[in-house]
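Residue numbers (the working numbering), protein chains in the order written: chain A, 1365 to 1663; chain B, 2 to 87.
For reference, the structure discussed in these notes is given below.
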Amino acid sequence: MAEVRQGCELFESGHRACGGCGPALAARLLLKATGENVIIVASTGCMEVFSTPYPETAWKVPWIHSLFENAAAVASGIDAALKKQGRDEKVVCVCGDGATFDIGVLCISGAFERGHDITYICYDNEAYMNTGIQRSGATPYDASTTTSPAGRCSLGNVHQKKDMPGILAAHGAPYVATASVAFPNDFMQKVERAVNTPGPTYVQVHAPCCTGWGFESGETLAIGKLAIETGLWVNYEMVDGEVVKAKKVRRKPVEEYLSRQRRFRHLFKPVRRDDEIAKIQAIADRNAEKFGIDIRRKE
Amino acid sequence: MPLQVGCAARPGKARENKTGAWRVFRPVVEREVCTKCGMCALVCPEGCVEETEDETYVVDLDYCKGCGICAEVCPKKAIRMEREEK
């Protein structure tokens, strides 16, 4: 990380995110990558709530709030209007994982099908954090949330994370990428490439949430990095539906990632659940095989 | 306060909300150890670490929430978190 890029600062201090907020960092970094010539469409979500309590706003670019479900539809309309007027602003949706994975799928699917020139950025903090940590389609297996609480009768979320990048790549999107706030330069490069690619593009950025996941505020980047190092999150790029690049790692056991977060605490206390940890390890192994992220030593 | 049509707000108006009061731990930069790589400024979620004219980095304590990300990522461990005294 020797080469650090500094640029314009379009996300103002004074927003009301928790200290150590991953999504707040994602917002700052993505604006550095898009530059000033941009119109942001935000759905309801943590980022919308903490950055724009009326009459304050942290954004220094044109910004519009829609509803939970229709950010992609609003962006489609803006794109059509700009095209008619012959203007060249980039249209960027910034939505959370709840708005992307669950509530907004209909409108996103429509916008991608029509091939609007928009960039859709999903900051993935793996639950509905703004309303009090309810599970979403992006919540990982066995994570404890307020609607999938771990206890005597439950081990947390029973479903696996939805493959949203795969769904949008299947729509024929020319560029789909996943990134993480733990690798800021990589994330900014991916956003830059996405906004400069004509047609609908998608970037999903892993944004750890210290409040919802239960770790110290200073560890936001360390947790994001561990997710990649264990294989539970894969940074990859897809061009025209094909994976062209995936970040390779020397994988660590998933336990190192799980044991540092409160939402997975029930896997270690009061009794250690090796069977459940093995299931999560199997998810990481499948990811590693699918994307070929393992660095193998030469024999 | 009169409500503006469409609820428009002036760009970056959040700056009036000084979040520094939330802080429990304050980042202290050791100038001699700092190599001026700029990682702290890049990863600050508040965007309140600024580069000065003589290329050193200062934290704007009006906005710093004391999360400690800068101290964690600093490759030289030049930032330490000190408890605020009231």
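Ideal Cβ positions, reconstructed from N, Cα and C, are used throughout, including at glycine.
Taking the Cβ atom as the reference point for each residue, do residue i and residue j lie within a distance shorter than 8 Å?
{"i": "Val1555(A)", "j": "Val1545(A)", "result": "no"}
{"i": "Asp1466(A)", "j": "Ala1571(A)", "result": "no"}
{"i": "Pro1538(A)", "j": "Asp1481(A)", "result": "no"}
{"i": "Ile1403(A)", "j": "Pro1426(A)", "result": "yes"}
{"i": "Thr1503(A)", "j": "Ala1491(A)", "result": "yes"}
{"i": "Tyr64(B)", "j": "Glu86(B)", "result": "no"}
{"i": "Gln1625(A)", "j": "Trp1577(A)", "result": "yes"}
{"i": "Lys1609(A)", "j": "Tyr1600(A)", "result": "yes"}
{"i": "His1630(A)", "j": "Ser1508(A)", "result": "yes"}
{"i": "Ser1430(A)", "j": "Val1456(A)", "result": "no"}
{"i": "Lys77(B)", "j": "Val30(B)", "result": "no"}
{"i": "Phe26(B)", "j": "Glu73(B)", "result": "no"}
{"i": "Gln1524(A)", "j": "Thr1511(A)", "result": "no"}
{"i": "Val1458(A)", "j": "Leu1519(A)", "result": "no"}
{"i": "Val44(B)", "j": "Leu1585(A)", "result": "yes"}
{"i": "Val59(B)", "j": "Pro28(B)", "result": "no"}
{"i": "Ser1581(A)", "j": "Gly1384(A)", "result": "yes"}
{"i": "Cys8(B)", "j": "Tyr1418(A)", "result": "yes"}
{"i": "Phe1476(A)", "j": "His1535(A)", "result": "yes"}
{"i": "Gly39(B)", "j": "Glu51(B)", "result": "no"}
{"i": "Met1602(A)", "j": "Ala1541(A)", "result": "yes"}
{"i": "Asn1521(A)", "j": "Lys1454(A)", "result": "no"}
{"i": "Arg24(B)", "j": "Lys66(B)", "result": "yes"}
{"i": "Asn1651(A)", "j": "Val1598(A)", "result": "yes"}
{"i": "Thr1594(A)", "j": "Lys1616(A)", "result": "yes"}
{"i": "Asp1461(A)", "j": "Ser1500(A)", "result": "yes"}
CB of residue i to nearest heavy atom of the ligand FAD: below 7 Å?
{"i": "Asp1639(A)", "result": "The ligand FAD is not among the ligands present in this structure, which contains no ligands whatsoever."}
Could you work out which residues of chain A lie near residue i, taking near to mean beta carbons separated by less than 7 Å?
{"i": "Arg16(B)", "result": "Glu1376, Ser1377 and Gly1378"}
{"i": "Tyr64(B)", "result": "Ser1377 and Gly1378"}
{"i": "Cys68(B)", "result": "Gly1383, Gly1384, Ser1581 and Gly1582"}
List the residues of chain A whose Cβ lies closer than 9 Å to the Cβ of residue i, in chain order.
{"i": "Ala72(B)", "result": "Gly1582"}
{"i": "Asp55(B)", "result": "What Asp55(B) touches in chain A: nothing, since even the nearest Cβ is about 16 Å away."}
Tell me where the beta strand (DSSP E) around residue i begins and ends.
{"i": "Glu51(B)", "result": "Val50 to Glu52"}
{"i": "Thr1542(A)", "result": "Tyr1539 to Ser1544"}
{"i": "Glu1601(A)", "result": "Tyr1600 to Val1603"}
{"i": "Met82(B)", "result": "Ile80 to Arg84"}
{"i": "Tyr58(B)", "result": "Tyr58 to Val60"}
What is the C-beta distance between residue i and residue j, in whole angstroms, given that I count them as a contact (C-beta under 8 Å)?
{"i": "Glu1420(A)", "j": "Ala15(B)", "result": "4 Å"}
{"i": "Cys1382(A)", "j": "Ala1436(A)", "result": "Cys1382(A) to Ala1436(A), Cβ: 27 Å. No contact."}
{"i": "Glu1376(A)", "j": "Gly13(B)", "result": "4 Å"}
{"i": "Gly1479(A)", "j": "Gly1563(A)", "result": "6 Å"}
{"i": "Gly1468(A)", "j": "Phe1432(A)", "result": "7 Å"}
{"i": "Leu1596(A)", "j": "Ile1531(A)", "result": "Their Cβ separation, rounded to whole angstroms, is 19 Å, which puts Leu1596(A) and Ile1531(A) out of contact at 8 Å."}
{"i": "Val1613(A)", "j": "Ile1657(A)", "result": "6 Å"}
{"i": "Cys49(B)", "j": "Cys75(B)", "result": "Between Cys75(B) and Cys49(B) the Cβ distance is about 16 Å, and since that is not below 8 Å, they are no contact."}
Based on the DSSP secondary-structure assignment, which residues constitute the bridge partners of residue i?
{"i": "Gln1524(A)", "result": "Partner(s): none; Gln1524(A) has no beta bridge."}
{"i": "Cys68(B)", "result": "Paired residue(s): none; Cys68(B) is not in a bridge."}
{"i": "Val1569(A)", "result": "Tyr1487(A) and Ala1543(A)"}
{"i": "His1429(A)", "result": "Ala1406(A)"}
{"i": "Ala1610(A)", "result": "Tyr1600(A)"}
{"i": "Lys1454(A)", "result": "Val1402(A)"}
{"i": "Ser1512(A)", "result": "Thr1509(A)"}
{"i": "Cys41(B)", "result": "Paired residue(s): none; Cys41(B) is not in a bridge."}
{"i": "Cys1385(A)", "result": "BP columns for Cys1385(A) are empty, so no partner."}
{"i": "Leu1446(A)", "result": "Note: Leu1446(A) sits in no beta bridge, so no partner."}
{"i": "Tyr1621(A)", "result": "In DSSP, Tyr1621(A) forms no bridge with anything."}
{"i": "Phe1375(A)", "result": "Trp1423(A)"}
{"i": "Leu1519(A)", "result": "Ala1514(A)"}
{"i": "Gln1498(A)", "result": "Tyr1492(A)"}
{"i": "Arg1658(A)", "result": "The sequence given here has Asp at residue 1658(A), not Arg. Paired residue(s): Val1613(A)."}
Strictly below 7 Å CB to CB, what residues from chain B border residue i?
{"i": "Lys1424(A)", "result": "Pro12 and Gly13"}
{"i": "Glu1373(A)", "result": "Gly48"}
{"i": "Tyr1418(A)", "result": "Cys8 and Ala10"}
{"i": "Leu1389(A)", "result": "Val44 and Pro46"}
{"i": "Leu1532(A)", "result": "Going along chain B, no residue has its Cβ under 7 Å from Leu1532(A), so there is no contact; the nearest lies around 27 Å."}
{"i": "Pro1548(A)", "result": "Leu43 and Val44"}
{"i": "Arg1669(A)", "result": "Outside the shown range of chain A (1365 to 1663) lies residue 1669(A), about which nothing can therefore be said."}
Using a cut-off of 8 Å between C-beta atoms, extract the partners of residue i located in chain A.
{"i": "Lys19(B)", "result": "Gly1378"}
Name the chain B residues whose beta carbon is nearer than 8 Å to that of residue i?
{"i": "Ala1586(A)", "result": "Glu73"}
{"i": "Thr1421(A)", "result": "Ala10, Arg11, Pro12, Gly13, Lys14 and Ala15"}
From which residue to which residue does the alpha helix (DSSP H) around residue i run?
{"i": "Arg27(B)", "result": "Counting along the chain, Arg27(B) falls outside any alpha helix (DSSP H), though it belongs to the beta strand (DSSP E) covering Phe26 to Val30."}
{"i": "Glu1653(A)", "result": "Asp1638 to Phe1655"}
{"i": "Gly1536(A)", "result": "Segment: none, Gly1536(A) is in no alpha helix (DSSP H) and carries neither H nor E."}
{"i": "Arg11(B)", "result": "Segment: none, Arg11(B) is in no alpha helix (DSSP H) and carries neither H nor E."}
{"i": "Leu1585(A)", "result": "Thr1584 to Thr1594"}
{"i": "Phe1476(A)", "result": "Val1469 to Arg1478"}
{"i": "Arg1380(A)", "result": "Arg1380(A) -> no alpha helix (DSSP H), and no H or E assigned at all."}
{"i": "Val1555(A)", "result": "Pro1548 to Val1559"}
{"i": "Thr1464(A)", "result": "Thr1464(A) -> no alpha helix (DSSP H), and no H or E assigned at all."}
Could you name the residues of chain B that residue i contacts, counting a contact when the two beta carbons are closer than 9 Å?
{"i": "Arg1660(A)", "result": "Per Cβ cutoff of 9 Å: no residues; Arg1660(A) is ~28 Å from chain B at best."}
Residues of chain D with CB closer than 9 Å to the CB of residue i, please, in chain order.
{"i": "Arg1637(A)", "result": "Looking for chain D here will not work: the only protein chains present are A and B."}
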